[in-house]
Each structure stands twice: as C-alpha cells, then as structure tokens.
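What follows is one structure encoded as structure tokens, with my remarks underneath.
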Amino acid sequence: MYHKKKLWTMCVLPVLLYGAETWILTDRVINKVRVVVRAMSRLMLNISRRDKKTKAWIRKEALLDDVGKIISERKWNWAGHIMRTTDGRWTKKILEWYPRDLKRKRGRPTNSWDTEFKKVCGGALWHRITQDRR
97 MYHKKKLWTM CVLPVLLYGA ETWILTDRVI NKVRVVVRAM SRLMLNISRR DKKTKAWIRK
157 EALLDDVGKI ISERKWNWAG HIMRTTDGRW TKKILEWYPR DLKRKRGRPT NSWDTEFKKV
217 CGGALWHRIT QDRR
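See below:
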C-alpha cells in the first residue's frame, strides 16, 4: 500500500487537481472530486462497491487526506501568492476587477473565485489574511 500511496501522491493527485486553485469551490464540485477519489481508492484497495465499506473506512485504509481540504489549502496558498505580488501582474488586476456595467440575471447570485475567502474571513479582510504565510 505504501507504493500505491506514493504513486497516488506523486502522479495521480497532481493531475486530478491541476488548476484547482482557480476553481470556484461549490459543494457540488468538491463532492464530484471526492467521488472520483473514493472510486480510485477502492481500486487501490482492491475492493468493490458490493463490499459495502463506508467512506471513512476507505479513506482510513487508503491513508489518503481529504481532497476537499487539499483543494482549499491550495486555493489559500495561491491567493496568498497573488496578493503578495507587487509588480502589477495581470492576475492581481483581474482578481481585484469588478465589472460595473454587468447586470445579473434573476435568482441566486453567482459565486466568484473569492466567495470562499469572504465566507471564512467575513468580507474584504481576506486580502490581508492571505498575505500572511503562517
């Protein structure tokens, strides 16, 4: 199992989460990734769905971290990296840009990339919090 986990960490996980820093994280997206990880974990453990093993058991036996936590950590690290830049890169300009002439359709407001940060930090304070490397 050690070699399978090492292969998972070095090869499969980076491909699966490529660009996850830029995803708009909704419960639906995280759940889809968790389902894929669980299916791959079953393959690593050589068990089928008929064995009726719980999600917690599969994660414990496969010795894998929660993929939702990994995605969130990567997103926070990326946000900190962007906020620490001082040379006027377009990534920071786009992040701080707000379209003034845009009218949204009726219904629930759409999520943006920084919605998760605003939820956790409670507003615009996330710009300063992400710059701190602790």
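Under our numbering, the first residue of the sequence shown carries the number 97, and numbering increases by one thereafter. Just so you know, even glycine gets a beta-carbon here, dropped at the ideal spot from N, CA and C. Computed from a prediction, not measured in an experiment: that's the story for all the values here.
Item                                                                                                                                                                           : Value
So does the stretch 106 to 117 actually touch the stretch 170 to 180, counting three or more Cβ pairs closer than 8 Å?                                                         : yes
Starting from K258, follow the alpha helix (DSSP H) in both directions and report where the run begins and ends.                                                               : Residue 258 lies beyond the stretch modelled for the chain, which goes from 97 to 230, so this question has no answer here.
Specify whether the stretch 99 to 112 and the stretch 131 to 141 touch according to this definition: at least 3 beta carbon pairs, one from each stretch, less than 8 Å apart. : yes
Do I143 and K149 come within 7 Å of each other at the CB atom, strictly closer than that value?                                                                                : yes
What's the gap between the Cα of F213 and the Cα of L191?                                                                                                                      : 13 Å
For I154 and D147, what's the separation of their Cα atoms in angstroms?                                                                                                       : 11 Å
Quick one: what does DSSP say K201 is sitting in, helix, strand or coil?                                                                                                       : coil
Taking only the alpha-carbon atoms, compute the straight-line gap between Y98 and G184 and give it to the nearest angstrom.                                                    : 44 Å
Of the choices S168, W209, L160, whose alpha-carbon is the least far from that of L103?                                                                                        : L160
Are the CB atoms of W186 and I120 within a distance shorter than 7 Å?                                                                                                          : no
Could you tell me the distance, in whole angstroms, from the CA atom of K100 to the CA atom of K156?                                                                           : 14 Å
Count the other C-beta atoms from every protein chain shown that fall within 10 angstroms of the C-beta of V163, then say buried if there are 16 or more, exposed otherwise.   : buried
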